[in-house]
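Note sheet for the following structure.
Protein chains: 2
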Amino acid sequence: MVVGASATPGKLGAVMAQSLAAYDAPLRLVNSRGEGMHASVSEALAAGDGVDLAVLCVPAPATARALRECAEGGVRAALVCAGGFAEAGAAGEEHQRAVEEVVRETGIRLLGPNTSGFFVPGRRLLASFVPGVADLAAGPVAVVAASGGVNHALAFRLQQAGIGLSLGVGLGAGVDVGAAAVLEHLVDDEQTRVVALHLETVQDGPALLAAVRRLSAVKPVVALVVGRSDVAEFARSHTGALATSWRTTRAVLRQAGAVLVDDEDGLVAAVAALAGRRLAPSPAPGVALVTGQAGPGLLVADAVQTAGVTLPRLTDATRAAIAEVLPPLTFQANPVDTGRPGPGFDRVVSAVADDPAVDAVAIYALTEPVVDLPAAVATSGAAGRVPVLLGVDGPPDDVAAQRAAAREAGIPLISGPTALARAVAALADDATGRFACAQDVTPPQPWPGLTGPWDEVRGKELLDALGVPTPPRRRCRDRAEALEALAALGGPVAVKLLDATVLHKTEVGGVHLGVRTPEAMGRALDALEAAGAREVLVEAMAAPGVDLIVGARRDPVFGPVLLLGLGGTAAEVLADVAIRSVPLSDRAAAGMVSDLRARRLLFGHRGGPTLDPAELAGVLTAVGNVLLVNPDVAEIEVNPLRLTATGPVALDAVVITPA
Amino acid sequence: MVVGASATPGKLGAVMAQSLAAYDAPLRLVNSRGEGMHASVSEALAAGDGVDLAVLCVPAPATARALRECAEGGVRAALVCAGGFAEAGAAGEEHQRAVEEVVRETGIRLLGPNTSGFFVPGRRLLASFVPGVADLAAGPVAVVAASGGVNHALAFRLQQAGIGLSLGVGLGAGVDVGAAAVLEHLVDDEQTRVVALHLETVQDGPALLAAVRRLSAVKPVVALVVGRSDVAEFARSHTGALATSWRTTRAVLRQAGAVLVDDEDGLVAAVAALAGRRLAPSPAPGVALVTGQAGPGLLVADAVQTAGVTLPRLTDATRAAIAEVLPPLTFQANPVDTGRPGPGFDRVVSAVADDPAVDAVAIYALTEPVVDLPAAVATSGAAGRVPVLLGVDGPPDDVAAQRAAAREAGIPLISGPTALARAVAALADDATGRFACAQDVTPPQPWPGLTGPWDEVRGKELLDALGVPTPPRRRCRDRAEALEALAALGGPVAVKLLDATVLHKTEVGGVHLGVRTPEAMGRALDALEAAGAREVLVEAMAAPGVDLIVGARRDPVFGPVLLLGLGGTAAEVLADVAIRSVPLSDRAAAGMVSDLRARRLLFGHRGGPTLDPAELAGVLTAVGNVLLVNPDVAEIEVNPLRLTATGPVALDAVVITPA
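So the sequence lines, in the order shown, correspond to chains A and B.
Under the UniProt record's numbering, the first residue of the first sequence is numbered 1, with each subsequent residue one higher.
Under the UniProt record's numbering, the first residue of the second sequence is numbered 1, with each subsequent residue one higher.
Below you can see the structure in the form of structure tokens.
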């Protein structure tokens with residue numbers, strides 16, 4: 001049923017009716033002034049059996065009333081296309097509240113408002129006001145997009161890449177049905193083999209993450225998150241919601257098992273690959289690249305390696321097998337440069353797929369009339385043993401023919417060296433993401449019973465209780481205690497202001513380092529007193545090392561999250577940080593180090609200390625889990641956590657209680 | 001003429017002959033065993049008038065002899081397809097030397113070896129052994145690729161994007177004709193409006209840069225450089241040459257006016273945009289985005305801004321003009337969200353193009369039957385005033401129809417939000433690159449007549465002579481002089497080992513900072529003596545600030561290059577550096593700061609100092625130009641150059657002479 005149908009060609013209500021006519025069920029059109037249409041919702045409902053879906057193409061002010069008529073007439077699902085709701089100011093918010101009230105009171109499920117609809121090509125169910133959707137093919141990909149426009153743009157781009165859809169949905173404002181609900185539905189949808197998720201904002205973070213976790217365990221989820229640059233103002237005009245942190249959203253989706261892509265081209269390449277055979281979970285799958293031309297092969301290899309995927313050197317046995325087929329003129333260690341593909345290409349592919357270090361095979365070649373690549377790959381039998389991706393460039397007709405043949409053989413075909421590399425990276429990311437997800441989260445230690453106010457000494461007592469190393473120290477209430485502490489601790493000490501209300505001690509002159517003598521202690525205490533100190537912390541200086549920052553906070557969307565970064569302003573400004581939601585598994589914690597682009601600094605760089613990832617994972621988990629067991633901790637930060645030759649040690653600890 | 005022609009379908013010599021048959025000139029085939037072919041080169045040459053091009057499809061060992069026969073018979077140009085030359089070990093090197101000898105002795109121009117050829121679709125000149133090239137359309141783009149395979153892959157990808165070619169050439173081993181020669185040729189080639197350059201290695205850096213400078217002044221050059229990850233071993237097997245530094249190559253190409261892209265998808269988007277109207281040189285062009293759908297518009301805006309392009313807020317006058325057409329439901333400040341395009345779309349585009357802050361207009365929309373976008377854009381007249389890019393997604397046939405209409409109207413059409421964003425970024429990069437290139441280089445100061453050995457004091461005397469600030473200091477030969485220096489300089493001083501043979505003073509314990517008292521000086525001198533010091537430098541400690549690294553060295557490929565980075569290991573490991581070739585203009589020097597991702601640290605970050613870019617440019621130019629005026633300086637490094645509240649000051653100076 002279309003409410004607000006139109007007979008004027010091009011109008012939303014007309015195009016929507018035209019799209020829905022393809023569905024195998026009677027279509028009822030409602031427009032009080034439309035010739036041959038029902039004059040009202042109630043008249044239309046009375047005209048026959050129950051209505052599966054009401055599509056409302058009426059303006060925002062008329063929507064709630066029409067929706068209520070549908071719901072009260074027994075309709076269980078509705079699509080609202082109009083804009084002009086919460087994104088459009090006070091009047092729009094009023095209309096939205098009215099719609100939400102109908103949903104709450106009647107239980108009708110609602111998609112929208114402010115969306116161009118959804119489509120299920122395999123059932124010819126096309127609830128879209130973009131007529132081109134009539135030609136979309138059915139296939140294995142479900143698109144779940146924040147925006148109706150992106151849903152359509154992605155559907156058409158997938159169509160161009162020869163990939164069909166099981167479902168395409170644009171959520172729009174998402175006042176009822178949101179991304180999490182659709183993802184949960186897709187867990188058991190047999191038509192869907194891979195899910196493409198586009199996000200602008202996230203309303204219910206935990207529900208979304210739970211859905212992605214459940215879904216990615218059974219089928220790949222590829223996620224494109226908008227908002228790398230500041231697009232908040234425009235985004236809010238679109239959805240009426242604040243943009244969620246791009247960095248946090250990406251990190252926690254990844255932790256839940258999603259494959260992240262940077263743009264829609266990457267999304268198309270990723271779903272093309274993942275609609276085929278999936279890699280088994282693995283911490284570092286090895287990929288072999290077989291190329292018919294060295295130059296494009298170099299482009300692929302360069303992009304694959306830049307994405308962090310390993311091209312392992314093939315074994316001598318594999319290379320011997322290849323050498324039986326190929327002349328000794330080309331590189332054969334991985335990548336394997338076959339030269340122009342010819343007879344024996346299938347044997348090369350087969351040998352490479354059998355290499356023990358190879359978990360997946362990517363093949364690139366220009367189309368050539370002399371060799372039928374999909375047939376050669378099929379003959380090789382490789383695709384029965386490992387995932388195989390075929391990358392092909394050539395005249396459009398040739399590529400289309402090979403794509404059809406590859407589809408028959410069940411082998412994903414991707415056009416373009418870079419797209420092939422992105423496809424390879426997605427295949428590998430799906431495997432590494434699931435590897436990290438496959439482990440249970442580490443249960444939190446019970447709260448050690450400490451209470452605030454959380455000055456640095458109390459904060460470090462908490463760390464001690466959690467098993468996080470801290471330096472020897474003393475709380476000192478007067479000069480005599482401070483001098484005694486210096487004597488007891490020996491060597492150089494740090495002398496710091498002790499006050500739970502001062503969060504940035506350095507900025508108020510509250511930190512004095514390298515104090516060795518009673519005279520120096522006297523000068524430090526003079527300065528601290530002048531800065532208002534009543535108590536001071538005297539603490540042994542730590543050995544030199546590399547400084548890290550570990551922090552946990554409550555994200556407004558996703559709840560408790562944990563952050564790891566390198567110390568120093570450069571790392572901070574370059575946003576070289578790793579983020580995870582809490583609770584997390586040991587693997588997820590250990591993986592935070594791998595996220596840091598400057599991680600090399602932590603592994604013996606220039607004679608520096610070498611990190612034990614498991615030891616750091618223990619610290620990370622302990623700090624993050626604090627937020628789970630104590631609701632009175634809003635935030636906890638260890639800055640710096642110094643990595644020394646004998647392990648990590650927390651040099652500061654800030655615990656913040658809710659405001 | 002094809003030497004090594006073949007009658008066996010699929011063989012190189014057969015496909016090559018078939019491709020060349022399309023050319024409007026007699027084709028002579030040579031094969032001693034070929035039926036109906038000439039038995040020898042000399043027989044073929046005797047069979048008619050002169051031969052324009054000899055294509056050699058014979059194996060490497062037979063190439064030099066065949067080439068000599070051609071050259072001595074009057075042929076002036078040859079293409080050698082075979083591999084098996086320098087990239088294939090000792091025997092191959094021998095064959096290559098023989099070919100080079102023929103080139104040197106006869107002056108014949110040679111493309112290859114190890115390439116699949118070249119093509120000029122507009123003249124039906126197709127010297128390629130990939131048959132699909134027969135269908136390539138003539139157009140404005142010249143592809144100059146290191147590899148024959150990449151030349152073909154790019155040609156087919158451009159074909160798919162609806163873009164034709166003026167020339168496609170794969171250089172292969174490039175023993176005679178290299179990239180620089182082809183680029184120089186293209187400066188005056190009227191069929192070529194934009195050049196796509198693919199590089200794996202660079203042999204003659206200065207010639208390449210000179211060619212790019214000349215070419216980019218008259219038409220855009222888009223450059224794709226391979227080698228972001230370590231692909232050196234495979235690359236060498238391909239071309240026989242060492243891979244050039246990816247970072248340096250990209251930086252100096254950019255300085256010469258090229259637009260850099262990261263992959264071949266970016267290359268296609270960039271040439272699509274730049275085949276249209278070019279922006280005027282500008283330090284920061286403003287782009288307006290008009291979108292028919294908010295969601296895809298957000299993807300475009302996000303990617304455009306991430307690429308560093310500004311979307312300026314439209315003026316009130318422009319917004320008032322737009323508001324006459326559009327309902328007040330959508331965002332209209334830039335991006336302009338028109339909602340589904342309808343009547344009046346042309347007036348929106350026109351108003352946006354007239355905005356004084358707008359230098360180019362990008363438009364995105366899904367194809368809709370109700371609106372003819374290319375026609376609306378043409379009606380707007382915007383493309384006559386500023387560059388206009390049209391981004392369209394929809395059913396493939398609709399997109400193809402709109403592409404054809406857009407081509408008629410002279411408006412580049414790009415499919416996909418991300419591709420449109422990349423096209424916008426390329427348009428802007430072409431304008432900013434030319435702005436930086438448009439200034440003459442700063443002539444070097446004459447050499448101040450100093451000589452080594454270059455210990456730190458001598459190095460700083462050089463900096464003083466060049467006008468680079470250094471701290472007050474004294475060279476001290478004994479304890480009495482050091483104590484006198486401490487008294488004279490006052491306050492804390494640095495005491496350093498002075499020895500031109502020690503490059504890393506800190507690592508040998510040669511640096512003592514914060515020395516305030518005669519006792520501390522005594523301890524420092526004890527330690528330095530123990531480390532082998534005979535002379536020491538006593539120097540006033542600089543104020544705190546942000547540390548930079550400035551260095552100049554002689555690159556084996558490009559000659560003198562200058563490097564600017566932030567101090568600290570994190571910035572180093574994250575490779576946050578700017579590189580330029582020397583000599584450089586003030587604009588090029590000032591632009592180095594913009595290249596640093598962490599540049600925010602230099603502009604009052606957390607109460608820190610604020611950089612005067614012109615002042616830093618002076619330091620950079622002075623340091624870089626040292627290499628131009630003194631061949632006895634191999635390398636000079638100022639590490640750190642500290643940015644303080646009162647300006648930059650060089651805290652160390654290392655000058656290295658040739659080994």
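We put the CB at the ideal spot given by N, CA and C, even for glycine.
Query	Result
What is the DSSP secondary structure of proline 61 of chain B, reduced to helix, strand or coil?	helix
Mapping the DSSP letters down to three states, classify leucine 45 of chain A as helix, strand or coil.	helix
Expressed to the nearest angstrom, what Euclidean distance is found between the alpha-carbon atoms of glycine 292 of chain B and leucine 224 of chain A?	21 Å
With burial defined as no fewer than 16 other Cβ atoms inside 10 Å of the residue's Cβ, what is the status of serine 415 of chain A: buried or exposed?	buried
So, glutamate 535 of chain B versus cysteine 476 of chain B, is the Cβ gap smaller than 8 Å?	yes
Thinking C-alpha only, which one of B/Leu596, B/Leu289, B/Ser116 is nearest glycine 132 of chain B?	B/Ser116
DSSP state of proline 312 of chain B, grouped into three classes?	coil
Return the residue from the list B/Leu111, B/Leu503, B/Glu519, B/Thr506 that minimises the CA-CA distance to arginine 479 of chain B.	B/Glu519
For threonine 192 of chain B, which residues of its own chain have a beta-carbon under 7 Å away from its beta-carbon, when the five flanking residues on both sides are left out?	Pro140, Ala142, Ser166, Leu167, Leu186, Lys219
With DSSP as the reference, label valine 187 of chain B as helix, strand or coil.	helix
What would DSSP say about histidine 605 of chain A, mapped onto helix, strand or coil?	helix
With a CB to CB cut of under 6 Å and the five nearest residues on each side skipped, what residues in its chain are close to glycine 591 of chain A?	Ala436
Looking at the unbroken alpha helix (DSSP H) that takes in threonine 306 of chain A, where does it start and where does it end?	294 to 306
Determine, for glutamine 96 of chain B, whether the minimum Cβ-Cβ distance to residues of chain A falls below 8 Å.	no
Anything in the segment 294 to 322 of chain B with a Cβ closer than 7 Å to a Cβ of chain A? List those residues in chain order, please.	Ala294, Gly295, Pro296, Leu298, Leu299, Ala301, Asp302, Ala303, Gln305, Thr306
Which bits of chain A does leucine 566 of chain B rub up against, with CB to CB less than 8 Å?	Ala570
Roughly how many angstroms lie between the CA atoms of threonine 432 of chain A and aspartate 265 of chain B, to the nearest whole one?	26 Å
Find the residues of chain A that neighbour histidine 152 of chain B, judging by a C-beta separation of less than 7 Å, and give them in chain order.	Leu366
Mind pulling the beta strand (DSSP E) runs of 3 or more residues that sit fully within the segment 85 to 160 of chain B?	109 to 111, 117 to 120, 125 to 128, 138 to 145
Residues of chain B with CB closer than 7 Å to the CB of glutamine 160 of chain A, please, in chain order.	Pro396
Check the Cβ-Cβ distances between arginine 403 of chain A and every residue of chain B, and say whether any is below 8 Å.	no
Hey, quick one: how far does the alpha helix (DSSP H) through leucine 165 of chain A stretch, first residue to last?	Segment 165 to 170 is the beta strand (DSSP E) holding leucine 165 of chain A; no alpha helix (DSSP H) there.
Looking at chain A, is there any beta carbon in it that lies within less than 8 Å of the beta carbon of phenylalanine 331 of chain B?	yes
Go ahead and pull the three-state DSSP assignment for proline 648 of chain B.	strand
Check whether the segment 591 to 609 of chain B touches the segment 624 to 638 of chain B, taking contact to mean three or more Cβ pairs, one atom from each stretch, closer than 8 Å.	no
Using the Cα positions of arginine 385 of chain B and isoleucine 411 of chain B, report the straight-line distance between them to the nearest angstrom.	12 Å
To the nearest angstrom, how far is it from the Cα of threonine 249 of chain A to the Cα of alanine 173 of chain A?	19 Å
If you draw a straight line from the C-alpha of leucine 486 of chain A to the C-alpha of threonine 310 of chain B, how long is it?	56 Å
Would glycine 148 of chain B and valine 212 of chain B be called neighbours here (beta carbons separated by less than 8 Å)?	no
Does any C-beta atom of chain A lie closer than 8 Å to the C-beta of arginine 65 of chain B?	no
Would you say alanine 235 of chain B faces chain A, with C-beta separation under 8 Å as the test?	yes
Per DSSP, which one or two residues make a beta bridge with threonine 610 of chain A?	A/Phe603
Please confirm if leucine 574 of chain A has its CB atom under 8 Å from at least one CB of chain B.	yes
Measure how close the beta-carbons of alanine 421 of chain B and alanine 303 of chain B come, nearest whole angstrom, since I'm counting them as under 8 Å.	3 Å
Start and end of the beta strand (DSSP E) containing alanine 548 of chain B?	The identity of residue 548 of chain B in the sequence shown is leucine, whereas the question assumes alanine. Element bounds for leucine 548 of chain B: 546 to 555.
Are the C-beta of arginine 516 of chain A and some C-beta of chain B separated by less than 8 Å?	no
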